[in-house]
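Q:
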Amino acid sequence: MNSITFYSLVKREVSRFSKVAIQTIFAPLISTGLYLIIFSYSFKSREVVGYGIPYISFIVPGLIMMSLIQNSFANTSSSLIGAKYNGNIVDFLLAPFSYIELTLGFMIGGIVRGMLVGSVIYLVSILFYGGEIVHPLLALLFAFLVSSIFSLLGIIAGLWAEKFDHVSIFSNFFITPLTFLSGVFYSVKGLPGIWSKVSLFNPVFYMVDATRYAFIGQSDVNPSFSLVIIGGLAVGLLLLVTYLFKIGYKVKS
Amino acid sequence: MSVAIEIQNINKKYGDLEALKDINLTINRGEFFGLLGPNGAGKSTLIGILGGLVNKDFGRITVLGKDIISNYRETKKSLGIVPQEVTFDPYFNVRETLEIQSGYFGIKNNDEKINELLKALDLTDKAEIGPRQLSGGMKRRLLIAKALVHNPEIIVLDEPTAGVDVELRNSLWDYVIKLNSQGKTIILTTHYLEEAETLCDRIAIMNKGEIVKIDTKENLINSIDKKVVSVKFADSVIGLAEKLEGTSCKIDEEENRIEIEASKNDLNDLLKFINNLDLHIVDMNIESAKLEDVFIKLTNLGGDRDE
Ligand SMILES: Nc1ncnc2c1ncn2[C@@H]1O[C@H](COP(=O)(O)OP(=O)(O)OP(=O)(O)O)[C@@H](O)[C@H]1O
Ligand SMILES: [Mg+2]
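Chains as they are written, first to last, in the numbering used here: chain A, 1 to 253; chain B, 1001 to 1307.
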């Protein structure tokens, strides 16, 4: 790896979203802030089966994960589809990037944005639930891995997409349902019959559940098991994306 | 002379279309090389393969002795490619674009080179402007500056002057000539054949995915045995048409001018004939073949153009 080459790509990715911070940082903050307000007032007295904590404390980790997921995905997917649309994708192809540098460079841009938005939302959520995190380092680790995963998925979506619409297909039909059905707002243990089993096939479930463990020390499944799944997914996607850059998937003719 | 680029048996198909058919080409270091050919000949495809924008089907290319596939990071550093298609990164102004581009090529603090390029391409007073606010010709100049920030050994210009005004075209060529005299290898594609004729040492002419001819500019032009003799007379040329039957000529009766095409062998007879006309000659001009004549002959543009 050439450090200047690599650092320049990371810098480009970070300055890209910083230049449009209103839409990349503040807009997500508003939507998640609204969730916090609505849930903390409407479900004040609601309890989650088996957890014995206020509902707002239960959902905060999931809400942070949701924004992390959406923002890291949005960052890499829009960066790549934009570069394809404007044609400046050739800059990345003509420059002496190794394929792993391209992968990591775009990925880190997505991680930075995801974790930035996630942190700001955490700060806001302190007002709503007090801000306690039982295992802060674990929370950081999960935040890092989850934003890596969705940054990588964003790269895949951006490479695959031929128009901006295609990216929203990816997020509307794939990411949003998986996130909403991942137990952000409920414990999957409390789901009736088969649905609690079906949830176990949703990878986002493990991300939300493990993060909740880091925040409140309780979870539906063993966090080590979740860590294996999340870590495995991250490594698998990293290899896949590097391969896609190598073959020039949908960017080289 | 050492070799800058060696292209061996390059083949590329797009579906059924054979964009490149077994291309072999060696370009030496320090050459000013022209890659010419009509639209769709395959020039940009070949350049794309060289720069890693297009996947080849078959064949091998080395840049300064290094394979472009197995040593792609080194070969990319040796190449400065100006793509035909004008593109820009909308998030960054001109100076930022060049700084980021320098970074991509592993260069920090490249202000000196960046300022030199801004000056050479007359972009200095546009340096803080976003690319959307640049005119088309300025965008292309930015594209050229981008390809040169890392001071590449080999510079590939795919129609760099399309849409660039005359004055800047000239200053661009002055700059490129300077780079060439410093030892940089230049590869140029252009549809302005006079440009190629003035600048290039050696020229390859491509047509329909094949290289139909590679030679020095002089040899190419000499390969066409054609002289155009034009004469302006003081007296009327009406009636000359009959005498000139059988030759390829144009007669301008209003200007009292004739223009005759002849091979070098016929020059003697032709000049005698003109002298014997017993008309008063006011002006006379003999032109040699041009690169354009070679181009038209080799690519059949005049004849069966099937596009
Ligand atoms: N991405 C692509 N997909 C399919 N066909 C392509 C693609 N790019 C180029 N071609 C075809 O390959 C052939 C060669 O194109 P190329 O762009 O190399 O020509 P060129 O010599 O650069 O022409 P021009 O002078 O117009 O720039 C053309 O017939 C073109 O239609
Ligand atoms: Mg072309």
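The C-beta atom is built at its ideal place from N, Cα and C for all residues, glycine as well.
By the 8 Å beta-carbon criterion, what residues does the stretch 93–105 of chain A contribute toward chain B?
A: Under the 8 Å Cβ criterion, the stretch 93–105 of chain A contributes Leu-93, Leu-94, Ala-95, Pro-96, Phe-97, Ser-98.
Q: Within 8 Å (strictly less), CB to CB, does Glu-1054/B reach chain A?
A: The residue given as residue 1054/B occupies position 54 in the second sequence. According to the sequence displayed, residue 1054/B carries Val and not Glu. True, the Cβ-Cβ gap to chain A drops below 8 Å.
Q: Counting only beta-carbon separations shorter than 8 Å, does Lys-1077/B have a partner in chain A?
A: Residue 1077/B sits at position 77 when you count from the first residue of the second sequence. Closer than 8 Å: yes.
Q: Just how far apart, CA to CA, sit Val-60/A and Glu-162/A?
A: The residue labelled residue 60/A in the question sits at position 60 within the first sequence. The residue labelled residue 162/A in the question sits at position 162 within the first sequence. Rounded to the nearest angstrom, the two C-alpha atoms are 35 Å apart.
Q: May I ask you to check if the CB of Gln-1084/B is nearer than 7 Å to at least one heavy atom of ligand 3?
A: Judged by which ligands are present, ligand 3 is missing from the structure shown, whose ligands are ligand 1 and ligand 2.
Q: Any idea what DSSP makes of Asp-1306/B, helix, strand or coil?
A: On the second sequence, position 306 is the one that residue 1306/B refers to. With a pLDDT of 46 at Asp-1306/B, under the threshold of 50, the modelled position of this residue cannot be trusted; read the value that follows with caution. Asp-1306/B falls in the coil class under three-state DSSP.
Q: Can you tell me whether DSSP reads Gln-218/A as helix, strand or coil?
A: The count along the first sequence starts at 1 and reaches residue 218/A at position 218. Reduced to three states, the DSSP call for Gln-218/A is coil.
Q: Please confirm whether Gly-1042/B has its beta-carbon closer than 8 Å to some beta-carbon of chain A.
A: Indexing the second sequence from 1 puts residue 1042/B at position 42. Not closer than 8 Å to any Cβ of chain A, the Cβ of Gly-1042/B fails to qualify, so no.
Q: Pull up the distance between the alpha-carbon of Tyr-1104/B and that of Gly-1030/B, whole angstroms please.
A: In the second sequence, residue 1104/B corresponds to position 104, counting from 1. In the second sequence, residue 1030/B corresponds to position 30, counting from 1. Approximately 25 Å between the Cα atoms of the pair.
Q: Any Cβ of chain B within less than 8 Å of the Cβ of Gly-248/A?
A: Your numbering for residue 248/A matches position 248 in the first sequence. Yes, because at least one Cβ of chain B sits closer than 8 Å to the Cβ of Gly-248/A.
Q: What would DSSP say about Gln-1182/B, mapped onto helix, strand or coil?
A: Translated into the one-based positions of the second sequence, residue 1182/B becomes position 182. It is coil, neither helix nor strand.
Q: When every heavy atom of ligand 2 is checked, does at least one fall within less than 7 Å of the C-beta of Lys-1012/B?
A: The count along the second sequence starts at 1 and reaches residue 1012/B at position 12. Because no heavy atom of ligand 2 lies under 7 Å away, the Cβ of Lys-1012/B does not count as near it: no.
Q: Taking only beta-carbon atoms, is Asp-1089/B less than 8 Å away from chain A?
A: Sequence index remark: in the second sequence, residue 1089/B carries index 89 (1-based). Yes, contact with chain A.
Q: Along chain B, in chain order, which residues have C-beta atoms closer than 8 Å to that of Lys-11/A?
A: The count along the first sequence starts at 1 and reaches residue 11/A at position 11. Result: Ile-1100, Gly-1103.
Q: Can you list, in chain order, the residues of its chain with a C-beta nearer than 7 Å to that of Ser-148/A? Leave out the 5 residues immediately preceding and following it.
A: As a working note, residue 148/A is residue 148 in the first sequence. Same-chain partners within the cutoff: Met-107, Ile-111, Ala-234.
Q: Let me know if Asp-220/A comes out buried or exposed under the rule of 16 or more other beta-carbons within 10 Å of its beta-carbon.
A: The count along the first sequence starts at 1 and reaches residue 220/A at position 220. With 16 or more other Cβ atoms within 10 Å, it is buried.
Q: Are the CB atoms of Ile-1186/B and Val-1294/B nearer to each other than 8 Å?
A: Residue 1186/B sits at position 186 when you count from the first residue of the second sequence. Residue 1294/B sits at position 294 when you count from the first residue of the second sequence. Contact flag unset, no.
Q: Any heavy atom of ligand 2 closer than 7 Å to the Cβ of Lys-1208/B?
A: Position 208 of the second sequence, counted from the first residue, corresponds to residue 1208/B. No, the beta carbon of Lys-1208/B sits no closer than 7 Å to any heavy atom of ligand 2.
Q: DSSP three-state label for Asp-1158/B, please.
A: As a working mapping, residue 1158/B is identified with position 158 in the second sequence. It is a strand residue.
Q: Given 7 Å as the limit, tell me if Lys-1213/B has its C-beta closer than that to any heavy atom belonging to ligand 1.
A: Start at 1 with the first residue of the second sequence, and residue 1213/B comes out as number 213. Every heavy atom of ligand 1 is 7 Å or more from the Cβ of Lys-1213/B, so no.
Q: Strictly closer than 5 Å from CB to any heavy atom of ligand 1: give me those residues in the order they appear in the chain.
A: Qualifying residues come out as Ser-253/A, Tyr-1014/B, Ala-1019/B, Asn-1039/B, Gly-1040/B, Ala-1041/B, Gly-1042/B, Lys-1043/B, Ser-1044/B, Thr-1045/B.
Q: Hey, how far is the Cα of Ile-4/A from the Cα of Gly-1106/B?
A: Residue numbering aside, residue 4/A sits at position 4 when the first sequence is read from its first letter. Residue numbering aside, residue 1106/B sits at position 106 when the second sequence is read from its first letter. Each residue's Cα considered, the two are about 5 Å apart.
Q: For Ile-1010/B versus Ile-1069/B, is the C-beta spacing smaller than 8 Å?
A: Working through the second sequence from its first residue, we reach residue 1010/B at position 10. Working through the second sequence from its first residue, we reach residue 1069/B at position 69. No.
Q: Any heavy atom of ligand 2 closer than 7 Å to the beta-carbon of Asp-1158/B?
A: Position 158 of the second sequence holds residue 1158/B. Yes; taking the cut-off as 7 Å, the Cβ of Asp-1158/B has a heavy atom of ligand 2 nearer than that.
Q: Mind listing the chain A neighbours of Lys-1108/B? Cutoff is C-beta to C-beta under 8 Å, in chain order.
A: Taking the second sequence and counting its residues from 1, one reaches residue 1108/B at position 108. Ile-4, listed in chain order.
Q: Between which two residues does the alpha helix (DSSP H) carrying Tyr-1014/B extend?
A: By 1-based counting over the second sequence, the position of residue 1014/B is 14. Here Tyr-1014/B belongs to no alpha helix (DSSP H); instead the beta strand (DSSP E) covers 1003–1014.
Q: Quick one: which chain A residues come within Cβ less than 9 Å of Gly-1051/B?
A: What you label residue 1051/B is simply residue 51 of the second sequence in a count that begins at 1. By Cβ distance, chain A contributes Val-90, Leu-93, Leu-94.
Q: Just grab the DSSP bridge partners of Ala-1204/B for me.
A: Counting from one through the second sequence, the residue named residue 1204/B turns up at place 204. Answer is Leu-1035/B, Ile-1214/B, bridged to Ala-1204/B.
Q: Is it right to say Gln-23/A is buried, meaning 16 or more other beta carbons lie within 10 angstroms of its own, or is it exposed?
A: The residue labelled residue 23/A in the question sits at position 23 within the first sequence. By the 10 Å Cβ count, Gln-23/A comes out exposed.
Q: Any beta-carbon of chain B closer than 8 Å to the one on Asn-222/A?
A: Stepping through the first sequence from its first residue, residue 222/A is reached at position 222. It does not: the Cβ of Asn-222/A has no partner Cβ on chain B nearer than 8 Å.
Q: If we cut at 8 Å on Cβ distances, does Glu-1307/B have a partner in chain A?
A: Along the second sequence, one-based indexing puts residue 1307/B at 307. Note that Glu-1307/B scores a pLDDT of 43, beneath 50, so its modelled location is shaky; the value from the coordinates is reported in the next line. Taking Cβ atoms only, chain A never reaches closer than 8 Å to Glu-1307/B, which makes this a no.
Q: Less than 8 Å between the C-beta atoms of Lys-250/A and Val-49/A, yes or no?
A: Working through the first sequence from its first residue, we reach residue 250/A at position 250. Working through the first sequence from its first residue, we reach residue 49/A at position 49. Contact flag unset, no.
Q: Helix, strand or coil: how does DSSP classify Lys-1056/B here?
A: Indexing the second sequence from 1 puts residue 1056/B at position 56. In the structure shown, Lys-1056/B sits in coil (DSSP, three-state: anything other than H, G, I, E or B).
Q: Taking the alpha carbon of Val-20/A as the reference point, which residue from Pro-1090/B, Glu-1242/B, Glu-1194/B has its own alpha carbon closest?
A: One-based indexing of the first sequence puts residue 20/A at position 20. That would be Pro-1090/B, whose Cα lies nearest to the Cα of Val-20/A.
Q: Please state the DSSP three-state secondary structure of Gly-87/A.
A: Start at 1 with the first residue of the first sequence, and residue 87/A comes out as number 87. Note: Gly-87/A maps to coil in three-state DSSP.
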